[in-house]
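Counting from 11, one number per residue, gives the positions in the sequence shown under our numbering. Everything on this sheet refers to the single structure shown next.
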Amino acid sequence: MNSYSSGRRSRHPRGGARRRGNPERFRGQQGEAKTQTVTDARNGAQPSRPARKPERVEVTSPRLYVGNLSFDATESDLFELFNGVGHVQNAEVVSYRHNQRSKGFAFVQMQTIEEAKRAVQELHDKEFLGRRLVVSGAKSSEHQARS
């Protein structure tokens with residue numbers, strides 16, 4: 011063993027010690043702006059991002075996409091809403107696996123294509139549980155493979 015080695019490997023191989031304590035001490039001019047945006051994002055303010063227009067998909071099947079859905083909306087809420095337009099076969103709110111929280115969109119299966127088209131005409135851009143719905147045809151599996 012070398013006389014200058016203690017036998018322990020450093021956790022920080024390039025000689026940089028991990029900084030602890032007050033981050034204000036180590037902040038340079040470049041770091042200020044970066045840290046500020048991170049702090050803002052943590053406080054609930056979102057960094058500015060251009061609004062994305064929802065893609066309009068033509069209704070070619072009875073399956074519909076329902077976007078901009080309230081996180082409090084349930085499948086029974088959707089069932090009731092779409093039953094006012096036509097016969098609903100299935101309503102499925104998409105949620106995260108780990109905490110079961112809604113992702114803010116859903117799929118609704120209508121009885122016929124005509125009912126699905128009528129649902130898009132009547133319910134698209136309609137206020138539901140405090141949000142304006144986006145209702146359009148769901149992308150088919152062949153459409154997803156091309157995108």
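Quick reminder that beta carbons are idealized off the backbone N, C-alpha and C, glycines included.
How is L139 classed by DSSP in three states: helix, strand or coil?
In this structure, L139 counts as coil in the three-state DSSP scheme.
Can you check whether the CB of Q121 is closer than 8 Å to the CB of G96?
A contact, by the Cβ cut-off of 8 Å.
In terms of residues, what are the limits of the alpha helix (DSSP H) holding S86?
Residues 85–93.
Starting from A148 and walking both ways along the beta strand (DSSP E), at which residues does that stretch end?
No beta strand (DSSP E) holds A148; DSSP gives it neither H nor E.
Starting from E102, trace the alpha helix (DSSP H) both ways and give me its first and last residue.
Unbroken run through E102 is the beta strand (DSSP E), 98–105; no alpha helix (DSSP H).
Can you grab the Cα-Cα spacing for the pair F92 / L143, in whole Å?
If I take the Cα positions, the gap works out to 12 Å.
What does the alpha-carbon distance come out to for the pair V145 and N100?
One C-alpha to the other measures close to 15 Å.
Using only alpha-carbon positions, find the residue among D82, F89, V98, Q119 that is nearest to S105.
The shortest Cα separation from S105 among D82, F89, V98, Q119 belongs to D82.
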